[in-house]
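Counted from 1, the sequence shown has number 440 at position 97 by the numbering used here; the numbering is strictly sequential.
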Amino acid sequence: MKPIDLCIGIAVREGGYEVATLEAGGAPASYGFPPSALGQAVLKVFLAGQERHLRLAVSGDAAMGCALSLGGGGDRDVYIVARRVADQAAELARYASRAP
Numbered sequence: 344m345k346p347i348d349l350c351i352g353i354a355v356r357e358g359g360y361e362v363a364t365l366e367a368g369g370a371p372a373s374y375g376f377p378p379s380a381l382g383q384a385v386l387k388v389f390l391a392g393q394e395r396h397l398r399l400a401v402s403g404d405a406a407m408g409c410a411l412s413l414g415g416g417g418d419r420d421v422y423i424v425a426r427r428v429a430d431q432a433a434e435l436a437r438y439a440s441r442a443p
């Protein structure tokens, strides 16, 4: 991870999107978004507002669809992660920070 990268873990759940952000040398910050089209739209706006390289790690229910929806455009790397590897948002953000 480069110091300018922002690593984001997204755990897709039936109850919504659990999101954690991780900057170089920092602790994860947590956010939640509702499990609706509006919730996903707000998450897209949140990601679009980041003006640096993003590294997204996504896991959970409908992770593939979420990753495809959120990964397009911009300067982003997207990793789809099996739940057995990491399934909590903070773990996923750490995974994104270590991914090649």
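We treat Cβ as the ideally placed atom computed from N, Cα and C, and that holds for glycine.
So what does DSSP say about V362, is it helix, strand or coil? Strand, per DSSP.
Rounded to whole angstroms, what's the CA-CA distance from R356 to A442? Just pull it up for me. 23 Å
Can you give me the Cβ contacts of V385 inside the same chain, cut-off strictly under 7 Å, excluding the 5 residues immediately before and after it? F376
With H, G and I counted as helix, E and B as strand and the rest as coil, what does DSSP make of R437? helix
With three or more beta-carbon pairs closer than 8 Å as the criterion, would you say the region 410-424 touches the region 361-371? no
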